[in-house]
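Peer 1: Below is one structure. I have some questions about it.
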Amino acid sequence: MSVKPRKGGLFDRLFGRGEKPAEQELESRQEEAAAPTSDEPLQPAEGKQAEAAAEPAPAEVSVEPQPEQMHEAARRSEAVTEPGAAQPEEEPRPKTSWFQRLKAGLTKTSSKLSEGITSVFAKRKLDESTLDELEDLLIQADLGLDTAARITDALRKGRYDKGISPEEVRAVLAAEIEKILAPVAKPLEIDPNAKPHVILTVGVNGTGKTTTIGKLAAKYVRAGKKVMLVAGDTFRAAAIDQLKVWGERTGATVVARDVGADAAGLAYDAYMQARKEGYDVVLIDTAGRLQNKQALMDELAKIIRVLRKIDTSAPHDSLLVLDATTGQNALDQVEVFRKQADVSGLVMTKLDGTAKGGILVAIAAKYGLPVHAVGVGEGVDDLQSFDAGEFARAIALD
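If you use my numbering, the sequence shown corresponds to residues 167 to 564, in order.
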């Protein structure tokens, strides 16, 4: 079967044209001033498709093609247009299950634990010395003091002063971790009676809030929901543009204002619009803020206050997005955000880039907040509902 030759001149085929959008980081923040019910117009994308911000094309650079390059390009063009020429087929990428991806993502954490357990228990009895070494190992893996004590106590009761293999220790570890996580493993449910169900995402800088919103939007759109994304991180042009791209990819409506606009006013007006237009889900992005900056935390509290002027139960979910690579600092984030932002549940991202995945177990043991989802990559399907058993097996067993 013949393939139609590509359109365009030889120069375009040789060198192509492209553009790279430039990310701009806002250096200064606008003082909080605008009222929640600002008259500033919203900027939704047309229909249900968000329109990405146009970027100026880079200036063309004139380059004279060399004879050898022209000859080679012509030869390739002839080969493409030759009737009946066989075209190479791309090999399909092997599909992997979510557990396989989770296991691969937690490799750094599980390898550290497995190697440590093997080192401690190789041909040794279970005595106080080995239990102390195990407890230190579990604490270093960010599982937390309470979890470490719980696991060593379980081993002490069952196998004290007896021989035990590293495999048996890992089995006990997996069982105890699952017991801790099972009560907090809860999917994020959308209340059909809320109409719309408002989800506010909060967290410090760089945890992946905007990406998490985009992935959730993709999930809900696939389920037939009418979804609105609200670009509440009004301090970074890049964050607004990123959300618009997610709107294009998912078919969700994106509502945004100019950089520096009042985030609370935007959230209020977008919520009112969503109610009038019958949206099922509203996902609100917010600017990253350090948990020790009270002025920024007060600003977040303002967004929640204006939403509750419309519906006293809003936001219906307040998700704290945590970066697993931060380790013990994630505990401090939970402590502050759960008070200031009325956090209802957690999403943990970047488990694939750290040996500190055990911090999720420590957070669950200390706070008991629902864990709705975990992420192990950048792909749309790399954020999935949290399953306690899968996580325990992935982190503790070979």
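Each residue gets a CB set at the ideal place from its N, CA and C atoms; glycine is no exception.
From a predicted model like this one, the values you see are computed outputs, not experimental measurements.
Note down the Cα distance separating I406 from A348, rounded to an integer number of angstroms.
Peer 2: Computed Cα separation, rounded: 36 Å.
Peer 1: Could you check which residue in D547, T520, V527 has the C-alpha nearest to that of L272?
Peer 2: Among D547, T520, V527, the Cα nearest to that of L272 is on T520.
Peer 1: Report the residue ranges of all alpha helix (DSSP H) runs contained in full by the region 415-466; include only those spanning at least 4 residues, in chain order.
Peer 2: With a minimum length of 4 residues, the continuous alpha helix (DSSP H) runs that stay inside the region 415-466 are 429-442.
Peer 1: What separation, rounded to the nearest whole angstrom, lies between the Cα atoms of V335 and K522?
Peer 2: Their Cα atoms are separated by approximately 20 Å.
Peer 1: Can you give me the C-alpha to C-alpha distance between V338 and K345, rounded to a whole angstrom?
Peer 2: Near 11 Å, if we compare the C-alpha coordinates of K345 and V338.
Peer 1: On the DSSP letters alone, give me the boundaries of the beta strand (DSSP E) that L512 sits inside.
Peer 2: Taken as a continuous stretch (DSSP letters only), the beta strand (DSSP E) holding L512 covers 511-515.
Peer 1: According to DSSP, simplified to helix, strand and coil, what is G380?
Peer 2: Reduced to three states, the DSSP call for G380 is helix.
Peer 1: When the Cα atoms are used, what is the spatial distance from N359 to T478?
Peer 2: Going by the C-alpha atoms only, they are around 14 Å apart.
Peer 1: By Cβ distance, which residues of its chain are closer than 6 Å to P536, with the 5 residues on each side in sequence left out?
Peer 2: The answer, listed in chain order, is V350, K352, G511.
Peer 1: Going by DSSP in three states, R559 sits in which element: helix, strand or coil?
Peer 2: Looking at R559 - three-state DSSP - the assignment turns out to be helix.
Peer 1: Quick one: any contact between the region 414-426 and the region 359-374, if contact means 3 or more CB pairs under 8 Å?
Peer 2: No: the two stretches stay apart, fewer than three of their Cβ pairs being nearer than 8 Å.
Peer 1: Between which two residues does the alpha helix (DSSP H) holding A539 run?
Peer 2: It is not in any alpha helix (DSSP H) - A539 instead sits in the beta strand (DSSP E) that spans 537-541.
Peer 1: Assuming K328 contacts K291 (C-beta within less than 8 Å), just tell me the rounded distance between them.
Peer 2: Right, their Cβ atoms sit about 6 Å apart.
Peer 1: Answer with buried or exposed for M394, where buried requires no fewer than 16 other C-beta atoms within 10 angstroms of its C-beta.
Peer 2: Label assigned to M394: buried.
Peer 1: Where does T262 land, buried or exposed, given buried means 16+ other C-beta within 10 angstroms?
Peer 2: Burial call: exposed.
Peer 1: Three or more C-beta pairs under 8 Å: does that hold for the region 384-392 against the region 440-449?
Peer 2: Yes: at least three Cβ pairs fall under 8 Å.
Peer 1: If distances are taken between C-alpha atoms only, which option among E414, V540, G454, L563 comes closest to Q550?
Peer 2: Residue V540 is the option with its Cα nearest to Q550.
Peer 1: Between A320 and E342, how many whole angstroms is the CB-CB distance? I'm expecting something under 8 Å.
Peer 2: With 8 Å as the limit, A320 and E342 qualify as a contact, their Cβ atoms being about 6 Å apart.
Peer 1: For L462, collect the residues of the same chain with a Cβ closer than 6 Å to its Cβ; drop the 5 residues on either side in sequence, then sort them by chain order.
Peer 2: Cβ within range, chain order: R455.
Peer 1: State buried or exposed for L486, treating a residue as buried only when at least 16 other CB atoms are found within 10 Å of its CB.
Peer 2: Burial call: buried.
Peer 1: At the level of alpha carbons, what is the spacing between G493 and K442?
Peer 2: Going by the C-alpha atoms only, they are around 42 Å apart.
Peer 1: With DSSP as the reference, please indicate the residues paired to S551 in a beta bridge.
Peer 2: Beta-bridge pairing links S551 to A539.
Peer 1: Measuring only the C-alpha atoms, how far is E355 from I365?
Peer 2: Approximately 11 Å between the Cα atoms of the pair.
Peer 1: Just to confirm my understanding: we take A200, look at its own chain, exclude 5 residues before and 5 after, and list those with CB closer than 6 Å. What are they?
Peer 2: Bear in mind that the predicted position of A200 carries a pLDDT of just 41, short of 50, making it too unreliable to give a figure here.
Peer 1: I330 by DSSP, collapsed to three states: which one?
Peer 2: Note: I330 maps to coil in three-state DSSP.
Peer 1: Can you tell me where the beta strand (DSSP E) with L366 in it begins and where it stops?
Peer 2: 363-368 is the span of the beta strand (DSSP E), which, as asked, contains L366.
Peer 1: Among A433, L526, I476, whose alpha-carbon lies nearest the alpha-carbon of V500?
Peer 2: Of A433, L526, I476, the residue nearest in Cα terms is L526.
Peer 1: From the DSSP output, in three-state form, read off S280 for me.
Peer 2: Looking at S280 - three-state DSSP - the assignment turns out to be helix.
Peer 1: Using the rule of at least 16 other Cβ atoms within 10 Å of the residue's Cβ for burial, across every protein chain shown, is Q438 buried or exposed?
Peer 2: Contrary to the premise, residue 438 reads as Met rather than Gln in this sequence. Exposed, because fewer than 16 other Cβ atoms sit within 10 Å of the Cβ of M438.
Peer 1: With C-beta atoms as the reference, is A440 less than 7 Å away from P332?
Peer 2: Against a cut-off of 7 Å, the Cβ pair of P332 and A440 comes out as no contact.
Peer 1: Report, in whole angstroms, the separation of the C-beta atoms of A490 and T515, which I expect to be a contact under 8 Å.
Peer 2: Contact flag correct, Cβ pair sits at about 7 Å.
Peer 1: Note down the Cα distance separating G282 from A288, rounded to an integer number of angstroms.
Peer 2: For G282 and A288, the distance between alpha carbons rounds to 10 Å.
Peer 1: Give the DSSP bridge partners of S484, in chain order.
Peer 2: Note: S484 sits in a beta bridge opposite L366.
Peer 1: Whole angstroms are fine: how far does the CA of A404 sit from the CA of K410?
Peer 2: Near 10 Å, if we compare the C-alpha coordinates of A404 and K410.
Peer 1: How far does the beta strand (DSSP E) with L395 in it reach, from first residue to last?
Peer 2: Its beta strand (DSSP E) spans residues 393-396.
Peer 1: Please report the straight-line C-alpha distance between W264 and S277, rounded to a whole angstrom.
Peer 2: In a straight line, the C-alpha of W264 is about 19 Å away from that of S277.
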